[in-house]
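Per this note's numbering, the very first residue in the sequence shown carries number 2; after that it's consecutive.
Shown next, in structure tokens, is the structure this report addresses.
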Amino acid sequence: MSTLHRIATGSDRISRRAAMLAVTFLGDGRSFETIGRGLVDDDRAVRLLAEDGSRTVWHRAAPKGAQQALHVVMRHICCEQLGHAIDLATEVISANPNYAEAYNQRAIAYFESEQLYDAIADCQRVLELNPYHFPAATGLGHCFMECGDLVSAIEHFQHALEICPDLEYVRSQIDMLQRSDGA
């Protein structure tokens, strides 16, 4: 993997594309930095490969046994069984306190159940564990927007764009907030 990581951040555009694709298929927690660097690559194809593959790598970074449980958490969220999602995610976190994606999924469940401050805490923890996790930065923006703190919302949306500049929906959200009263 170290060779792929090196090539994915090298000087040849075509090689970076091929290596980034391979990293997204084979990578794990050791690939976060390479994916993060790919998100801001000067080649749009590398950025898209990094963005599209990032979630797969983040899920694949699960400790043994946590991946299946996290899929159940995600199903609970989709079925709006938010209490079950929060409880199971909490179990996964207790067993795997450094697994960023478990915090992210619990943050989503907290947000959907309007427990915004708990969602904020989990999103912040995700970014401590994986500073390239643009969905967590975006989630912070949404949480602060729901709390009515538009300045903090804009700051976190801008942070998401620093991590992943191609997030047009986030750019639109910033524009909307800046045009609204109070921002």
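Where is the CB? At the ideal position from N, CA and C, for every residue including glycine.
Original post:
What span of residues does the alpha helix (DSSP H) with G140 cover, start to end?
Top reply: 135-148
**OP:** Using three-state DSSP, classify N105 as helix, strand or coil.
**Re:** helix
Original post:
If we ignore side chains and look at the alpha-carbon of each, how far apart do S153 and S95 end up?
Top reply: 29 Å
Subject >> CB-CB length for Y104 against R76, believed under 8 Å >> reply: Y104 to R76, Cβ: 18 Å. No contact.
**OP:** Please classify Y118: does DSSP put it in a helix, a strand, or coil?
**Re:** helix
Original post:
Taking the Cβ atom as the reference point for each residue, do A51 and M2 lie within a distance shorter than 8 Å?
Top reply: no
**OP:** May I have the straight-line CA-CA distance separating L5 from I109, to the nearest angstrom?
**Re:** 32 Å
Original post:
Sorted by chain position, which residues of the same chain lie with C-beta nearer than 7 Å to T57's C-beta, five sequence neighbours on each side aside?
Top reply: T25
Subject >> the stretch 35-54 touching the stretch 80-97, judged by at least three CB pairs closer than 8 Å >> reply: no
Original post:
With burial defined as no fewer than 16 other Cβ atoms inside 10 Å of the residue's Cβ, what is the status of A184: buried or exposed?
Top reply: With a pLDDT of 48 at A184, under the threshold of 50, the predicted position of this residue should be treated as unreliable, though the coordinate-derived value follows. Looking at its Cβ environment, which holds fewer than 16 other Cβ atoms inside 10 Å, A184 is exposed.
**OP:** Using three-state DSSP, classify M177 as helix, strand or coil.
**Re:** helix
Original post:
Under three-state DSSP, which class holds Y170?
Top reply: helix
Subject >> Inter-residue Cα distance where the pair is E156 and G142 >> reply: 7 Å
Subject >> Supposed close pair L40, I175 - CB separation, criterion 8 Å >> reply: Actually they do not touch by this definition, with Cβ atoms about 18 Å apart.
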